[in-house]
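Every number in my numbering is 2 more than the matching position in the sequence shown, counting from 1. We put the CB at the ideal spot given by N, CA and C, even for glycine. Since the structure is predicted, the reported quantities are computational estimates derived from the model, not experimental observations. Worksheet: the structure to be examined is printed underneath.
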Amino acid sequence: MFSQKVVDVDGLLIGGENPVRVQTMYDSVMSGVDVENILHKMRVLKSMGCELIRFSYVSSNDRENFTRICKENIMPVVADIHFDYKMALEALECGAPKIRINPGNIGAKWKTEEVVKAAKDKGAVIRIGLNSGSLPKNERGLTKADLMVETALEYASWFSSWGFEDTVISLKASDPDITLAANRKLKARCPYPIHLGVTEAGGTVTSCVRSAWALGNLLKEGIGDTIRVSITGSIETEVQAAIEILRTMGLRKGGVRVVSCPRCGRHSFDSQGFLERVEKRLLAVNKNISVAIMGCQVNGPGEAKGADLAVTGIGRKAFLYVRGELGREVDIESAEEALFEEIDKF
Ligand code: SF4
């Protein structure tokens with residue numbers, strides 16, 4: 003949507019007029035585990051709206067499972083490489099359509115050149131990924147944001163000199179202000195798609211707040227082509243948070259819009275527990291509808307009138323409203339299934 007250049011990651015176009023893409027990073031090792039579990043998780047994430055997933059490729063032990071993951075093609079995958087350029091070459095051999103490297107920790111420049119040439123041969127994309135904690139020596143006394151920008155642009159110019167332009171750049175800091183400053187400066191000088199994220203952003207609450215603030219401001223200014231909300235928590239929540247940022251900004255249409263009551267002393271129904279049970283399932287519903295989950299008769303029927311579907315719990319009973327009309331009354335234990343039955347009918 004925002005950059006001048008567009009890259010193609012296994013059919014997923016990033017940059018230019020394309021939608022802002024949602025990505026996450028797999029949170030465990032790839033080797034020595036049942037690859038079917040990884041594939042299952044990828045399918046769940048995809049059903050929630052995730053479009054790209056990154057895996058740490060740490061050793062040759064990852065080769066077998068990573069090859070299978072690339073081959074299954076559930077969604078485009080990215081191999082995350084640090085220190086050993088041979089791992090980058092290996093990941094590309096496995097079929098990675100995109101790799102993420104920091105040339106500053108790959109070692110000699112010729113090693114980066116080998117990786118870039120191999121990516122070019124394979125038609126793969128490379129993200130130059132710099133974090134504020136892994137920068138070269140600041141010999142010119144630059145601000146951290148400037149040092150990130152200058153370093154990334156220097157690496158990108160190496161790539162260009164080797165005839166490679168399928169580049170994405172990310173500049174991440176745990177400080178949202180530095181993330182903002184670095185990406186504004188980068189955007190002014192760079193035609194490449196930009197991946198946004200606040201790194202090491204903390205647990206769910208802190209990360210969502212910091213990320214929404216930094217990414218929201220940048221996206222509003224037309225900066226950013228893919229995003230990740232990094233959370234010390236579940237990767238499903240990362241995806242959910244990223245999608246919610248895009249939806250709130252009007253950058254992603256469709257899907258279920260949830261309205262739920264914050265609870266107070268009047269609630270006689272566990273709307274929090276109910277929401278936690280249904281929330282991820284609702285994310286996989288590809289219908290443009292609103293669902294209200296309310297905890298008592300004070301605001302429940304009122305909110306229910308404005309929503310396409312509503313569940314109002316009162317004691318042991320749940321009342322389901324369809325387009326503002328009371329449809330069904332069920333036992334609380336059956337409320338979840340009843341809600342999804344009604345959603346299916348839409
Ligand atoms: S809907 Fe009822 S329980 Fe929920 S916040 Fe409003 S008054 Fe309280």
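Can you tell me where the alpha helix (DSSP H) holding Asp179 begins and where it ends? Pro178 to Arg191
Going by beta carbon distance, what residues of the same chain come within less than 8 Å of Phe348, once the five residues before and after it are set aside? Lys289, Ile291, Asp310 and Leu311
Output the boundary residues of the beta strand (DSSP E) element that contains Asp10. Val8 to Val11
Whole beta strand (DSSP E) elements within the region 46-101, 3-residue minimum: 54-58 and 79-82
Any idea which residues DSSP pairs Val170 with across the strands? Arg129
Tell me which residues share the same chain as Gly97 and place their Cβ nearer than 7 Å to its Cβ, disregarding the 5 neighbours each side in the sequence. Thr69, Cys72 and Lys73
What is the DSSP secondary structure of Tyr2, counted as helix, strand or coil? Residue 2 is absent from the model: the chain starts at 3 and stops at 348.
Under 9 Å, do Lys146 and Ala184 count as touching if we go by C-beta distance? yes
Since Gly315 is in the beta strand (DSSP E), which residue starts that stretch and which ends it? Leu311 to Ile316
Cut-off 7 Å between Cβ atoms - residues of its own chain near Pro138, not counting five sequence neighbours on either side: Gly106 and Thr153
Taking C-beta to C-beta, are Trp164 and Val200 nearer than 9 Å? no
Measuring only the C-alpha atoms, how far is Glu19 from Val60? 34 Å
Drop a sphere of 10 angstroms on the beta-carbon of Val11, count the other beta-carbons inside from all chains shown, and report buried for 16 or more, exposed for fewer. buried
What beta strand (DSSP E) runs, 3 residues minimum, are completely inside the region 215-282? 259-262
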